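Since the structure comes first, as structure tokens, the remarks are kept for the end.
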Amino acid sequence: MDYVDLRSDTVTKPTPEMREAMAEAEVGDDVYMDDPTVNTLQEKAASMLGKEDALFVPSGTMGNLLALLVHCQRGDEVIVGDKSHIYMNEAGGMSALGGIHPHPIKNQADGTLALDDIRASIQTEDVHHTITRLICIENTQNVCGGIPLTAEYTAQVGQLAKENNLLFHIDGARIFNAAAALNVNVKELTGPADSIMFCLSKGLVAPVGSMLVGTRKFIARARHLRKMLGGGMRQAGVLAAAGLISLEKMTGRLGQDHARAKKLFEGLKQVKGLKLDASPSSNMIYFDLAEDIRLSESQIMEEMKKRGVFVDAAGPYRFRLVTHYWIDDAGVEKAVKAFEEVLK
Ligand SMILES: *Cc1c(COP(=O)(O)O)cnc(C)c1O
3 MDYVDLRSDT
13 VTKPTPEMRE
23 AMAEAEVGDD
33 VYMDDPTVNT
43 LQEKAASMLG
53 KEDALFVPSG
63 TMGNLLALLV
73 HCQRGDEVIV
83 GDKSHIYMNE
93 AGGMSALGGI
103 HPHPIKNQAD
113 GTLALDDIRA
123 SIQTEDVHHT
133 ITRLICIENT
143 QNVCGGIPLT
153 AEYTAQVGQL
163 AKENNLLFHI
173 DGARIFNAAA
183 ALNVNVKELT
193 GPADSIMFCL
203 SKGLVAPVGS
213 MLVGTRKFIA
223 RARHLRKMLG
233 GGMRQAGVLA
243 AAGLISLEKM
253 TGRLGQDHAR
263 AKKLFEGLKQ
273 VKGLKLDASP
283 SSNMIYFDLA
293 EDIRLSESQI
303 MEEMKKRGVF
313 VDAAGPYRFR
323 LVTHYWIDDA
333 GVEKAVKAFE
343 EVLK
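Residue numbering for the sequence shown follows the working numbering, beginning at 3 and increasing consecutively.
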């Protein structure tokens with residue numbers, strides 16, 4: 003069966019054009035920095051984000067970890083959102099592997115960290131305290147609803163970081179979704195940051211890989227640490243070839259995924275038994291099950307699957323659906339119809 007897979011944008015398989023580019027990619031040993039396709043991808047990513055240099059990494063998790071390891075010494079503290087991927091979903095890598103101390107503060111409903119909360123969480127000079135080194139924000143903010151954080155807000159965080167001698171990293175796994183949602187050039191969202199990670203493997207449809215972007219000096223150190231973590235890849239141009247198509251062809255079409263998310267949201271609003279969050283601003287829809295629904299999350303997942311639709315629970319009585327390249331209008335309609343049948 004041809005499934006409509008709304009579990010995540012990570013499920014996106016490469017397009018035929020990507021597979022062809024992968025088959026024909028010029029390659030070399032990237033640990034020697036000899037892979038021309040990887041080099042082109044890195045140059046292109048740096049230039050699109052308005053930074054000096056970039057590094058191709060196997061995953062977003064490794065990209066974020068490298069940023070933390072380059073920016074922080076053991077015992078340093080990082081200000082992160084309590085609903086951020088770095089804090090919740092990266093297996094505690096910063097403390098396990100870097101001896102870095104997370105200082106979680108509340109993510110507001112709009113995905114931001116309140117500037118006053120950031121200010122209040124910066125440690126004072128005192129032998130009892132850690133040294134605050136870095137602020138991390140996430141754009142789009144996944145758990146808060148795939149919400150884009152604006153250029154104005156990002157500039158304010160950048161200013162606050164500068165005034166307090168702190169570094170500033172953006173987990174921009176979906177930063178191109180944010181740029182599309184806000185209708186701005188992605189550079190406006192990355193300018194104030196010292197480093198940015200973004201994923202090629204999500205809405206940008208590539209099979210594998212993320213990019214870490216920053217100054218030449220930062221990237222040189224990150225390359226060293228990537229080798230230490232076992233992420234130095236050899237003929238990685240086979241993967242980078244797909245990533246180049248992500249940058250060239252996929253960044254410009256994300257608005258279509260956002261329009262389909264709105265369409266799916268409108269359809270689901272008519273389904274009894276679902277309590278939807280606010281209208282989606284990017285490619286994610288979150289909803290809770292109404293109290294009178296007697297099915298468990300896993301029963302709903304099972305029943306939806308029988309009707310050709312994959313969905314994933316995001317917690318007790320809660321679901322997240324994500325639109326992407328392989329979800330068309332017919333897929334949206336099929337999903338709405340399946341929910342109607344399952345919940346009636
Ligand atoms: C997916 C994701 C990551 C990590 O990416 P992986 O490639 O899955 O390791 C980091 N941050 C956010 C917000 C994400 O959604």
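Think of the CB as a built atom: it goes at the ideal place given N, C-alpha and C, for glycine as much as any other residue. None of these values were measured; they are calculated from a predicted model.
Rounded to the nearest whole angstrom, the C-alpha separation of Arg309 and Asp331 is 17 Å. Rounded to the nearest whole angstrom, the C-alpha separation of His260 and Pro282 is 8 Å. Annotated as proximal: Ile102 and Val80, with beta-carbon spacing under 8 Å.
The beta carbon of Ala238 sits closer than 7 Å to the beta carbons of Asp32, Asp37, Val40 and Phe58 from its chain, once the five residues preceding and following it are set aside; these are given in chain order.
At a threshold of 7 Å, His87 counts as near ligand 1, since its beta carbon sits closer than that to one of the ligand's heavy atoms.
Secondary structure of Thr63 (DSSP, three-state): helix. With at least 16 other beta carbons inside 10 angstroms of its own, Asp7 counts as buried. Cβ-Cβ distances below 8 Å link Met35 to Asn41 in the same chain, with the five nearest sequence neighbours on each side left out; the list follows chain order.
Inter-segment contact for the segment 291-298 and the segment 323-339 is absent: fewer than three beta-carbon pairs are separated by less than 8 Å. Spatial neighbours of Ala182 in its own chain (CB-CB distance under 6 Å, excluding positions within 5 residues in sequence) are listed in chain order as Leu256 and Gly257.
Taking 7 Å as the cut-off, the C-beta of Asp112 does not count as close to any heavy atom of ligand 1. The alpha helix (DSSP H) runs of length 4 or more contained entirely in the segment 182-243 are, from start to end of the chain, 189-192 and 218-230. In this structure, Lys204 has its CB closer than 7 Å to one or more heavy atoms of ligand 1.
In this model, Asn187 and Val129 are separated by some 44 Å (Cα to Cα). Taking a 10 Å sphere around the C-beta of Glu140, we find 16 or more other C-beta atoms and assign the residue as buried. With respect to Ile177, Leu162 sits apart: the two C-beta atoms are not nearer than 8 Å.
Per DSSP, the beta-bridge partners of Ala56 are Val215. With a threshold of 16 other beta carbon atoms within 10 Å, Gln44 meets it and is buried. The three-state reading of DSSP puts Gly333 in helix, counting H, G and I together. Distances between the C-beta of Cys138 and the heavy atoms of ligand 1 are all 7 Å or more.
Taking the Cα positions, Val82 is about 13 Å away from Leu67.
Inside the segment 82-113, DSSP marks whole alpha helix (DSSP H) runs of 4 or more residues at positions 87-90 and 95-100, from first to last along the chain. Taking non-hydrogen atoms of ligand 1 into account, the C-beta of Asp173 is found less than 7 Å away from one of them. Bounds of the alpha helix (DSSP H) holding Asp119 are Leu117 to Ser123. As the crow flies, the alpha-carbon of Lys251 is around 11 Å from that of Ala208. Taking a cut-off of 8 Å for Cβ pairs, the segment 85-94 and the segment 143-151 touch, as three or more such pairs fall below it. Taking a contact to require three or more Cβ pairs closer than 8 Å, the segment 316-323 and the segment 242-250 do not qualify as touching. When secondary structure is reduced to three states using DSSP, Ala163 falls in the helix class.
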